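Working notes for the structure below.
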């Protein structure tokens, strides 16, 4: 897996670009206040696509399935309903695989959810791609230093704690990196990235007591 | 010693097989339980329930034979054969249908694990021991009652420990006690590069509750593309499309907010917004949100 985008500016050009973008970002208009609108974070992968009322905005398309082949920047995807999707990645496509990452992290065999715009050639130009994302209601059965053991229905599941990434929200509070309030026996909603090689899940966030 | 061990374990093993077998044979839930097992792959979905009841009948017979039969080696040999059969079935199920349940007990619906293999191995070993031992188990127990009771209790505990049905009685309380004694393994250490940092997901959550996000909702098309921290600020970059009289062009939408803020500490976040043309790096104007501010309503006295 390639490094996440938070650290991708390792080269000189990347750092120069970051400096330029930082200067631009800090010179932008300041807007204060809260809104009730939803977002495009990883939870959005599981939300039903909402058609826009604006005719200028093309209808959003949605795709899911397992990647069967990668041809350049096009992903061939076998949908769970037996269909097939061709998903075109662009420079503007956001890719999530536990955290924001790059196209190099996407592998054959990965599962995905994607949103984008249907193109005349039958492909879908992806705006956002969530790779191996899972959202599971589980019960905590054990806690170790680098992992949690969950029961998901009758099945056991290992959730891996990823330092700097895994976060938790308690009683509708803000997400925090403090995981020490997770208790054995609690019901937890886990959002994370499934690892096809061993069936475990890298935990992005745990929602406790909502 | 081995004779005593075998003699003490035989009634425990026999009772376990008899009770488990009766639950499978007469249980109302057996057909549904069978639907989730690897037996479906062997005999088909229609006959899996019948097959599981047949296995239950065999367990009941062998269990009753082990417990009640006097000196005959036949029940022991049958139990050993049953254990060997279980081991073979579990090995096949682990390879051919790893997500299937083993169907080992009425409550156990999880997949085949090492505990399933250990239980089957105990049945095989107990059966072999019973077949090899001469005389009845109760003669041996009567000769050494205290040692036999201790051995039987140890056998029962070992079998209970190998069953997931009873985890809630001993395993989870044991794990809770360990956390209380040794501390929470995930307690913050206060060291390391990421200690105490607000997670990026919390910044995104804060951003998505902001007016700045609402004002850009018609421009932003992607999820988070990249992020970095600089001088106490956290910069979040998204891809978007900007429409104006000249047409539509791809843009980067940059949000800058306090890297230490979260929805708990900053319910009304202050966010800086910048839109950059991806081709020319030209900064495009940001339209402030046209959101009506709802002021507090006047509280009227209730009529009495």
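Protein chains in written order, with my numbering: chain B, 11 to 220; chain R, 417 to 720. Every residue, glycine too, gets a C-beta built ideally from N, C-alpha and C. Keep in mind it's a predicted model, so treat the numbers as computed, not measured.
Check: Candidates R/425, R/672, R/694, R/619: closest to residue 39 of chain B by CA position; Outcome: R/672
Check: Integer-rounded CB distance, given that residue 75 of chain B should sit under 8 Å from residue 122 of chain B; Outcome: 7 Å
Check: Reference residue 617 of chain R, options B/35, B/184, B/90, closest by Cα; Outcome: B/184
Check: Counterpart residues of residue 140 of chain B in DSSP-defined beta bridges; Outcome: B/106, B/123
Check: Residues that residue 680 of chain R contacts on chain B, provided the C-beta gap is smaller than 7 Å; Outcome: 183, 184
Check: Cβ neighbour criterion (16 or more within 10 Å) applied to residue 203 of chain B; Outcome: buried
Check: Chain R within 9 Å of residue 128 of chain B, Cβ atoms only; Outcome: no
Check: Interfacial residues, the region 687-703 of chain R to chain B, with Cβ spacing under 7 Å; Outcome: 687, 688, 689, 690, 692, 699, 702
Check: Check whether residue 495 of chain R and residue 543 of chain R have beta carbons under 9 Å apart; Outcome: yes
Check: Residues bridged to residue 502 of chain R (per DSSP); Outcome: According to DSSP, residue 502 of chain R bridges with nothing at all.
Check: Buried versus exposed call for residue 429 of chain R [16 or more other C-beta atoms within 10 Å across all chains shown]; Outcome: buried
Check: Residue 475 of chain R, buried or exposed, once every other Cβ within 10 Å from all chains shown has been counted against 16; Outcome: buried
Check: Residue burial classification, residue 116 of chain B (beta-carbon count within 10 angstroms, cutoff 16); Outcome: buried
Check: Residue 630 of chain R, DSSP secondary structure in three states; Outcome: helix
Check: Neighbourhood of residue 148 of chain B by C-beta distance below 7 Å, restricted to the same chain and skipping five residues each side; Outcome: 160, 161, 162, 167, 198, 200
Check: Cβ contact check for the region 442-449 of chain R and the region 465-480 of chain R: 3 or more pairs under 8 Å; Outcome: yes
Check: Residue 131 of chain B classed as buried or exposed, judged by whether at least 16 other C-beta atoms fall within 10 angstroms; Outcome: exposed
Check: Delimiting residues of the alpha helix (DSSP H) encompassing residue 539 of chain R; Outcome: 530-548
Check: 3 or more residues per run - each beta strand (DSSP E) lying fully within the region 132-216 of chain B; Outcome: 134-141, 143-153, 157-162, 165-170, 177-180, 197-204
Check: Any chain B beta carbon closer than 9 Å to residue 468 of chain R; Outcome: no
Check: Beta-bridge pairing of residue 688 of chain R - partner residues as DSSP gives them; Outcome: B/40, R/672
Check: Cβ contact (3+ pairs, closer than 8 Å) linking the region 173-191 of chain B and the region 595-605 of chain R; Outcome: yes
Check: Interface residues of the region 621-633 of chain R facing chain B [CB-CB below 8 Å]; Outcome: 621, 622, 623, 624, 625, 626, 627, 628, 629, 630, 631, 633
Check: Close Cβ partners of residue 481 of chain R (< 6 Å) along its chain, the five nearest in sequence each way excluded; Outcome: 491
Check: Contact the region 634-650 of chain R vs the region 665-681 of chain R: 3+ CB pairs below 8 Å; Outcome: yes
Check: Minimum Cβ-Cβ distance from residue 72 of chain B to chain R less than 9 Å; Outcome: no
Check: Integer Cβ distance of residue 595 of chain R from residue 194 of chain B, believed to fall under 8 Å; Outcome: 7 Å
Check: Proximal residues of chain B, C-beta to C-beta of residue 451 of chain R below 9 Å; Outcome: Simply none; closest approach about 13 Å.
Check: Same chain only: Cβ atoms within 7 Å of residue 128 of chain B, ignoring 5 sequence neighbours per side; Outcome: 71, 134
Check: Short CB-CB distance (under 9 Å) between residue 600 of chain R and chain B; Outcome: yes
Check: Within-9 Å CB hit, residue 722 of chain R to chain B; Outcome: Outside the displayed range of chain R (417 to 720) lies residue 722 of chain R, so it cannot be described from this structure.
Check: Contact with chain C by residue 638 of chain R, beta-carbon distance below 9 Å; Outcome: Among the chains of the structure shown, chain C does not appear; the protein chains present are B and R.
Check: Cutoff 9 Å: residue 36 of chain B Cβ touching any chain R Cβ; Outcome: yes
Check: When R/678, R/457, R/557, R/435 are compared against residue 621 of chain R, the one with the closest alpha-carbon; Outcome: R/678
Check: Residue 624 of chain R versus residue 684 of chain R: straight-line alpha-carbon distance, rounded; Outcome: 12 Å
Check: Alpha carbon of residue 18 of chain B to alpha carbon of residue 540 of chain R, nearest angstrom; Outcome: Residue placement at residue 18 of chain B is flagged as unreliable, the pLDDT there being 46, under the threshold of 50; a coordinate-derived value is accordingly withheld.
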